[in-house]
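As given, the protein sequences belong to chains A and B, one line each in that order. The opening residue of the first sequence carries number 1 in the numbering used here; numbering runs sequentially from there. The opening residue of the second sequence carries number 414 in the numbering used here; numbering runs sequentially from there.
There are 2 protein chains.
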Amino acid sequence: MDAISSAQIAALDAADPLAAFRARFSLPEGVTYLDGNSLGALPRATADRVRDVIEGEWGEGLIRSWNSADWINAPRRVGAKIARLVGANPHEVIVADSTSVNLHKLIIAALRARPGRHAVLSEPGNFPTDLYMLETAIATLGGAHALTLTPRDEIVSHITEETALVLLTHVHYKTADVHDMAAITAAAQAKGAMVLWDLSHSVGALPLALNACNADLAVGCGYKFLNGGPGAPAFLFVAERHHASLVSPLGGWMGHAQPFAFTDHYEPASGISRFLCGTPSVVGMAALECGVDLHLEADMQEIARKSRALAELFMGLVHMRCAEHDVTLVGPPPGAPRGSHVSFRHPEGYAIMQALIARGVIGDFRAPDIMRFGLTPLYLRYADIVHAVDVLEDVLRTRAWQAPEYRTRQAVT
Amino acid sequence: MDAISSAQIAALDAADPLAAFRARFSLPEGVTYLDGNSLGALPRATADRVRDVIEGEWGEGLIRSWNSADWINAPRRVGAKIARLVGANPHEVIVADSTSVNLHKLIIAALRARPGRHAVLSEPGNFPTDLYMLETAIATLGGAHALTLTPRDEIVSHITEETALVLLTHVHYKTADVHDMAAITAAAQAKGAMVLWDLSHSVGALPLALNACNADLAVGCGYKFLNGGPGAPAFLFVAERHHASLVSPLGGWMGHAQPFAFTDHYEPASGISRFLCGTPSVVGMAALECGVDLHLEADMQEIARKSRALAELFMGLVHMRCAEHDVTLVGPPPGAPRGSHVSFRHPEGYAIMQALIARGVIGDFRAPDIMRFGLTPLYLRYADIVHAVDVLEDVLRTRAWQAPEYRTRQAVT
């Protein structure tokens, strides 16, 4: 990469078709936020919407708002909106619980739908909760299933007639490597297995096409690229062809065929609603809807295009200016398909990241040595990338990260 | 009950030691809210607190707030506060997920802790989600367990050496009948069984003494008497003696011994934290904390005393003025122990409740024929009870409920 002038950067920002979205977010002064893949920034609309929900719908409407504000349909309404971002039909996506809980529902449902098969596949280094939820689901089912963690390039060759389920995160949370959803899904289905895709690091960052890939099952996170707020509700996708045969192991009243008949016996709702469990967070649902609405206003292809351009710029500048300081790119090289974050390895990654944060450049650290930077096209400018690399180079060159205060580990890293 | 004068009612309100708490809630004009057992009213502090969380902690603090605003410890911090309301130690209660999901965690954990036993007991007409979660948990475990629904007076005599678990709702959601927690717990433990108490209709309404009853396990709801807001996070209690031996079937990353080590294998946290699963709703947690804090300011004994006085007044007035209109008390008679709601049966209960709601007296309807009125001592006055009965009597006497608009069923009843 050649040196790039500030005039060139200004021109990129001036020509950015998504530039106007930045003003739709509330961003703190003096901060370059490169962690929207961990917690998305606050849309300006959200604060007002949440106030309406709290003071109007809850405070004034009280219990009546289940009908008058249509709280009862929020999981389906917001789910149908997310369906447009993931290439699904509106009735195939529902918002509920957390990603982890939704993983459990679909893992158990899938394994019970393949009773003769006992092999489960995932990859080492998958996002931990995916692996943990697999482990504990297998234990709950009595331990007859065997979980194998196979390096990502060998997964397809390990799928056999014995495989019940493959669970993969579409975009890797550390490296931004992307799985080929269509190819893996087809390979699994050819052997009679199902694939459960974790879209937490994809949704809102990349265009997704679940139905075009003939996907079976998916889950995803609401608080990363969807900007739903800390601990936002998650979503799940079940292809329509599986609606009748898959049953949630968490048969809560909200997923009952007639929740307000108050019968003693569980009868799952028809369709995607059977994957609801207890009463959903109404405030969480409303905040998530604001973030999703912003993405529906934008063009996902445009978002993906800018994500790639930001990433190429970031990788190029770091290579040019920081490589001599032991900073190594992790994950896909420039030009290759990738998710919307960029990660670099450095033995002192933790302290370097603390020094960056102290200077207003916020990324995050993933053990043991990865500095991760999220690229969110709706609220980042090309100039922000240049600034982040300026600060990174300065911290490395001056060895500012050696200050003792950057070496104290915090509760959340 | 003798007729009671408005002067006497005014004197009761004037002498009420909890009277000042009413001003701490945001209550709509012209409404007498008797449904706080379904969705508690909005504490005034909550709107400000939620705005701080959204605009300050999320908007300004962004990802840093997991440390700087101590989001990471909210489940334990709010859990420790709820522990004071339920008679538990601070480290025995944690806030997480929904009541239904927490039921699942503890049902599966308890059944796996009693591997030789296959009988599970509950009562017919228990709150549906308790029964549904039992049914679906048993199915997940392979169907070897048998769920028996035993009338409430016969439960103790049905507990045998074969019983693994008894799951009961402490206060019945329709009738307000109260189980004897100490007696049932002791009877179950004498046979080697565990009891899981659903406190959804008790917590914040009655003083509870889990440890004094030697309780094993409990769950409870945040959005009823605790005023945590629609779909507030729920809580669970596990007695310290069970912490090491019970493992959650929902082994999400937040319940891992080292969530930020990002290892491939699940190792449950020590103590109550192992019952966390995914990322909790930060906003939901903050709103719940406001409601819990109000209860900690008040005296639970005082709340229970006023609850009983409101109920006796309500039952007495309805008996005196509405009995001739086919209104029959359901549940404990005057003088008997009860929860903090009062229910009446009427064949046209649905339409009558709609007519009441149209007149600003908000209770709810529970199929097939129950009109239910929640009594929340922190924000109800004795005068509100008199007003509610005035309106009820008027609706019955004029047969106002016969209007067609009151007979159209809404999505949420």
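Note that CB positions come from ideal geometry on N, CA and C, so glycine has one too.
Does B/S451 come out as helix, strand or coil in the three-state DSSP assignment? As a first step, residue 451 of chain B is located in the second sequence; it is residue number 38 there, counting from the start. DSSP places B/S451 in the coil class of the three-state scheme, outside both helix and strand.
I need the straight-line Cα distance from B/V696 to A/W58, nearest angstrom please. To locate residue 696 of chain B, count along the second sequence from 1; it is residue 283. To locate residue 58 of chain A, count along the first sequence from 1; it is residue 58. Taking the straight line joining both Cα atoms gives about 14 Å.
If you draw a straight line from the alpha carbon of A/L296 to that of A/I303, how long is it in whole angstroms? For this step, residue 296 of chain A is matched to residue 296 along the first sequence. For this step, residue 303 of chain A is matched to residue 303 along the first sequence. When rounded, the separation of the alpha-carbon atoms in A/L296 and A/I303 is 11 Å.
Residue environment, A/R366, which counts as buried when at least 16 other CB atoms sit within 10 Å: Start at 1 with the first residue of the first sequence, and residue 366 of chain A comes out as number 366. Its Cβ being crowded by 16 or more others within 10 Å, A/R366 is buried.
To the nearest angstrom, report how far apart A/L27 and A/R44 are at their CA atoms. Residue numbering aside, residue 27 of chain A sits at position 27 when the first sequence is read from its first letter. Residue numbering aside, residue 44 of chain A sits at position 44 when the first sequence is read from its first letter. Their Cα atoms are separated by approximately 9 Å.
In chain A, which residues lie less than 7 Å from B/C690 when you measure between Cβ atoms? By one-based count along the second sequence, residue 690 of chain B stands at place 277. For B/C690, the C-beta contacts it makes with chain A under 7 Å involve S98, S100 and V101, in order along the chain.
From the DSSP secondary-structure annotation, give me the bridge partner or partners of B/P456. For the purposes of this step, residue 456 of chain B is identified with residue 43 of the second sequence, where counting begins at 1. DSSP output for B/P456 lists B/F438 as bridge partner(s).
Chain B contact residues for A/G284, given Cβ-Cβ distances below 8 Å: To locate residue 284 of chain A, count along the first sequence from 1; it is residue 284. Residues of chain B passing the Cβ test: G644, S694, V696 and G697.
Who are the near neighbours of A/M315 in its chain, counting only those whose CB is closer than 7 Å to its CB and skipping five residues on each side? On the first sequence, residue 315 of chain A is found 315 positions in, with the first residue counted as 1. Here the set comprises L329, P334 and V342.
Would the beta-carbon of B/A496 fall within 8 Å of that of B/P488? For the purposes of this step, residue 496 of chain B is taken as residue 83 along the second sequence, with counting starting at 1. For the purposes of this step, residue 488 of chain B is taken as residue 75 along the second sequence, with counting starting at 1. Result no, Cβ atoms of B/A496 and B/P488 do not sit closer than 8 Å.
From B/S615 to B/H585, what distance separates their C-alpha atoms? Mapped onto the second sequence, residue 615 of chain B falls at position 202. Mapped onto the second sequence, residue 585 of chain B falls at position 172. Linking B/S615 to B/H585 through their CA atoms gives a straight-line distance of about 9 Å.
Chain E within 8 Å of A/R84, Cβ atoms only: No chain E is part of this structure, whose protein chains are labelled A and B.
Could you check whether the segment 793-806 of chain B touches the segment 419-439 of chain B, counting it as contact only if at least three pairs of C-beta atoms, one from each stretch, sit closer than 8 Å? In short, these stretches touch, since the Cβ pair count reaches three.
Looking at the strands, I want to know which residues DSSP matches up with B/M784. Taking the first residue of the second sequence as position 1, residue 784 of chain B is located at position 371. B/F757 and B/F778, per the DSSP bridge assignment.
Does the distance from the CB of B/F650 to the CB of B/V499 come in under 8 Å? The residue labelled residue 650 of chain B in the question sits at position 237 within the second sequence. The residue labelled residue 499 of chain B in the question sits at position 86 within the second sequence. Their beta carbons are under 8 Å apart, which means B/F650 touches B/V499 by this criterion.
Is the segment 120-132 of chain A touching the segment 260-280 of chain A in the sense that three or more CB pairs, one from each, lie closer than 8 Å? No: the two stretches stay apart, fewer than three of their Cβ pairs being nearer than 8 Å.
Distance cutoff 8 Å, beta carbons only. Does B/W814 sit that close to anything in chain A? Start at 1 with the first residue of the second sequence, and residue 814 of chain B comes out as number 401. Taking Cβ atoms only, chain A never reaches closer than 8 Å to B/W814, which makes this a no.
What is the rounded straight-line gap between the Cα of A/G220 and the Cα of B/A682? Counting from one through the first sequence, the residue named residue 220 of chain A turns up at place 220. Counting from one through the second sequence, the residue named residue 682 of chain B turns up at place 269. Approximately 25 Å between the Cα atoms of the pair.
CB contact check: A/L250 to chain B, cutoff 8 Å: Mapped onto the first sequence, residue 250 of chain A falls at position 250. Residue-level contact by beta carbon holds for A/L250 and chain B, with a gap shorter than 8 Å.
Using CA atoms only, rank isn't needed, just tell me which of B/A526, B/D803, B/R490 and B/T576 is closest to B/L726. For the purposes of this step, residue 726 of chain B is taken as residue 313 along the second sequence, with counting starting at 1. For the residues B/A526, B/D803, B/R490 and B/T576, the minimum Cα distance to B/L726 belongs to B/D803.
Against chain B, with Cβ distances strictly below 8 Å, would A/S26 count as a contact? One-based indexing of the first sequence puts residue 26 of chain A at position 26. Yes, A/S26 counts as interfacial toward chain B.
Quick one: is A/E92 buried, meaning 16 or more other Cβ sit within 10 Å of its Cβ, or exposed? Against the first sequence, residue 92 of chain A aligns to sequence position 92. A/E92 comes out buried.
Who are the neighbours of A/Y379 on chain B, taking C-beta pairs under 7 Å? For this step, residue 379 of chain A is matched to residue 379 along the first sequence. Correct list: empty, because the minimum Cβ distance to chain B is about 11 Å.
Please report whether the beta-carbon of B/H517 lies at a distance below 8 Å from any beta-carbon of chain A. In the second sequence, counting from the first residue as 1, residue 517 of chain B sits at position 104. Answer yes: the Cβ-Cβ gap between B/H517 and chain A drops below 8 Å somewhere.
Return yes when the Cβ of A/A287 is within less than 8 Å of the Cβ of A/A46, no when it is not. Within the first sequence, the letter at position 46 stands for residue 46 of chain A. Within the first sequence, the letter at position 287 stands for residue 287 of chain A. Contrary to the premise, residue 46 of chain A reads as Thr rather than Ala in this sequence. For A/T46 and A/A287, yes; Cβs fall inside 8 Å.
Span of the beta strand (DSSP E) around A/E236: On the first sequence, residue 236 of chain A is found 236 positions in, with the first residue counted as 1. Note that residue 236 of chain A is Leu in the sequence shown, not Glu. It spans A234 to V238 - the beta strand (DSSP E) in which A/L236 sits, taken as one unbroken run.
So A/R51 contacts chain B; which residues on that side make the cut at Cβ distance below 9 Å? Locating residue 51 of chain A in the first sequence gives position 51, where the first residue counts as 1. Per Cβ cutoff of 9 Å: A460, V463, R464 and I467.
When Cβ atoms are compared, which residues of the segment 233-263 of chain A fall closer than 9 Å to chain B? Those residues of the segment 233-263 of chain A that come within reach of chain B (Cβ to Cβ, closer than 9 Å) are P233, A234, V247, S248, P249, L250, G251, G252, W253, M254, G255, H256, P259, F260, A261, F262 and T263.
Name the residue from B/T563, B/R437, B/A432 and B/V569 whose alpha carbon lies nearest to the alpha carbon of B/L707. Position 294 of the second sequence, counted from the start, is the residue given in the question as residue 707 of chain B. Of the candidates B/T563, B/R437, B/A432 and B/V569, the one whose C-alpha sits nearest the C-alpha of B/L707 is B/R437.
For chain B, find out if any of its Cβ atoms is closer than 8 Å to the Cβ of A/Q301; answer yes or no. For this step, residue 301 of chain A is matched to residue 301 along the first sequence. Among the CB atoms of chain B, none fall inside 8 Å of the CB of A/Q301.
At which residues does the beta strand (DSSP E) containing B/A577 begin and terminate? Start at 1 with the first residue of the second sequence, and residue 577 of chain B comes out as number 164. Note, B/A577: beta strand (DSSP E), T576 to T582.
Assign A/D394 to one of three DSSP states: helix, strand, or coil. Within the first sequence, numbered from 1, the residue matching residue 394 of chain A stands at position 394. In the three-state reduction of the DSSP assignment, A/D394 falls in the helix class, which pools H, G and I.
List the residues of chain B whose Cβ lies closer than 7 Å to the Cβ of A/I63, in chain order. Mapped onto the first sequence, residue 63 of chain A falls at position 63. The answer, in chain order, is D448, S451, L452, I775 and D777.
For B/T573 and B/L580, I'd like the C-alpha separation in whole angstroms. By 1-based counting over the second sequence, the position of residue 573 of chain B is 160. By 1-based counting over the second sequence, the position of residue 580 of chain B is 167. Looking at the two C-alpha atoms, the distance is approximately 14 Å.
Would you list the one or two residues that DSSP bridges to A/A96? The residue labelled residue 96 of chain A in the question sits at position 96 within the first sequence. Residue pairing from DSSP places A/A96 in a beta bridge opposite A/A234.
Whole angstroms is fine: what's the gap from B/V533's alpha carbon to B/R464's? Locating residue 533 of chain B in the second sequence gives position 120, counting from the first residue. Locating residue 464 of chain B in the second sequence gives position 51, counting from the first residue. Here the C-alpha atom of B/V533 lies approximately 45 Å from the C-alpha atom of B/R464.
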